[in-house]
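Residue numbers (the working numbering): 3 to 394.
For each residue, glycine too, the CB sits at the ideal point set by N, CA and C.
Okay, structure first, notes after.
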Ligand code: SF4
Ligand code: SF4
């Protein structure tokens, strides 16, 4: 008879508890959560099995478990758990622990999980942009220079061609590379040893990716199946609207950035498309940028309000949740302040706000593979994986 040896790792159970799944021991395996989960397919239910793996400390099971990435953290299972074991929090905690091993160097994940680590993450870009500022100030002979016509122009200090553009290009492509390696690692972890049974594999991963992006990102249609509390009838601030607002604000701001970059760089060769910054407030691209900022603020307000209204007895909010919301708020607020101070001709606060804006935007991009925003990429990769192997 074949034997199966389980190797419990109690340290892993303790790690899950510390990462937010402290109530897991209350579970008595009734399976109500698996029935309540609107996302779990009937032939591969979750999160009951994850509850037992967590209490037995089966770290390896989690590493190869695709289901922790498919969970949308809607909390329906937690709402209906008769024991208050908070399976949604256990799923989130397990995901965060596996996540720590995906992006390298893993020390960044460790720093991201605590207030003291966060100080280090802040200091890196704070020093970087301060050095840029100091070098340029030494060259200009002043820290808060004005353009020849008396206007406040941030490029007088943070010169695009030699500082902002190369630093952000390097940061962006570096983050993409870390994410790419993380996704490859994740897919390797999902693949069981030996042959994988393929049920109805029909098309290449790229078409599955297109389907996932359409359903999950562009239309946010899947949120309708997993909105807060549909099973229990509880009304709550709408997660779908908040995420959709954030998504479309990112699209708009990315478009604006691309047009301004093209106007700047290509404009050196084709002067007719040259875009001068700062742009006038009535310039169409500037109007789009401000609409993007407004959508960002509205989306953030909705998601923050929803998270603050969650019952802490039922749904925990971890450091990862607050880090992402916090950094997005800081990016939005410093961006708006730097524009307002510039328009009000308040040069010192304008440069200070712009400096902080650069620090927080850099943090958003540079730490993306380790932050909750990186979940989006890994989750998309997991969804593509299950579709490639016949699950929806
Ligand atoms: S987590 Fe709750 S609902 Fe799920 S099996 Fe355990 S006791 Fe039952
Ligand atoms: S949080 Fe939602 S998606 Fe995740 S396991 Fe529970 S019910 Fe399913």
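How is the alpha helix (DSSP H) around residue i delimited, first residue to last?
| i | result |
| --- | --- |
| residue 53 | 50-58 |
| residue 142 | 117-142 |
| residue 75 | Counting along the chain, residue 75 falls outside any alpha helix (DSSP H), and DSSP gives it neither H nor E. |
| residue 12 | 12-18 |
| residue 245 | 241-267 |
| residue 167 | 167-192 |
| residue 374 | 374-390 |
| residue 363 | 349-368 |
| residue 335 | 321-345 |
| residue 289 | 286-311 |
| residue 279 | No alpha helix (DSSP H) holds residue 279; DSSP gives it neither H nor E. |
| residue 65 | 61-65 |
| residue 26 | Taken as a continuous stretch (DSSP letters only), residue 26 belongs to no alpha helix (DSSP H), as it is neither H nor E. |
| residue 97 | 89-102 |
How about residue i: is its Cβ closer than 8 Å to a heavy atom in ligand 2?
| i | result |
| --- | --- |
| residue 10 | no |
| residue 22 | no |
| residue 153 | no |
| residue 80 | yes |
| residue 53 | no |
| residue 168 | no |
| residue 147 | no |
| residue 273 | no |
| residue 90 | yes |
| residue 320 | no |
| residue 96 | no |
| residue 77 | yes |
| residue 44 | no |
| residue 384 | no |
Would the beta-carbon of residue i be found less than 8 Å away from any heavy atom of ligand 3?
| i | result |
| --- | --- |
| residue 28 | Ligands present in the displayed structure are limited to ligand 1 and ligand 2, and ligand 3 is not among them. |
Quick one: is residue i buried, meaning 16 or more other Cβ sit within 10 Å of its Cβ, or exposed?
| i | result |
| --- | --- |
| residue 133 | exposed |
| residue 370 | buried |
| residue 172 | exposed |
| residue 241 | buried |
| residue 1 | Because the chain spans 3 through 394 in this model, residue 1 falls outside it and cannot be assessed. |
| residue 372 | buried |
| residue 341 | buried |
| residue 390 | buried |
| residue 78 | buried |
| residue 205 | exposed |
| residue 25 | buried |
| residue 329 | buried |
| residue 392 | exposed |
| residue 98 | buried |
| residue 270 | exposed |
| residue 313 | exposed |
| residue 255 | buried |
| residue 376 | buried |
| residue 237 | At residue 237, the pLDDT of 49 sits below 50, so the modelled position is not reliable and the matter cannot be decided from this model. |
Relative to ligand 1, is the shortest distance from any of its heavy atoms to the C-beta of residue i smaller than 8 Å?
| i | result |
| --- | --- |
| residue 34 | yes |
| residue 316 | no |
| residue 41 | no |
| residue 83 | yes |
| residue 47 | no |
| residue 73 | no |
| residue 282 | no |
| residue 138 | no |
| residue 87 | yes |
| residue 31 | yes |
| residue 344 | no |
Confirm, please, whether the CB-CB distance from residue j to residue i is below 9 Å.
| i | j | result |
| --- | --- | --- |
| residue 35 | residue 82 | yes |
| residue 154 | residue 343 | yes |
| residue 22 | residue 117 | no |
| residue 170 | residue 364 | yes |
| residue 146 | residue 338 | no |
| residue 70 | residue 48 | yes |
| residue 243 | residue 157 | no |
| residue 290 | residue 248 | no |
| residue 56 | residue 96 | yes |
| residue 181 | residue 379 | yes |
| residue 384 | residue 192 | yes |
| residue 294 | residue 333 | no |
| residue 59 | residue 13 | yes |
| residue 331 | residue 306 | yes |
| residue 317 | residue 38 | no |
| residue 127 | residue 360 | yes |
| residue 261 | residue 287 | yes |
| residue 386 | residue 207 | yes |
| residue 105 | residue 368 | no |
| residue 100 | residue 64 | yes |
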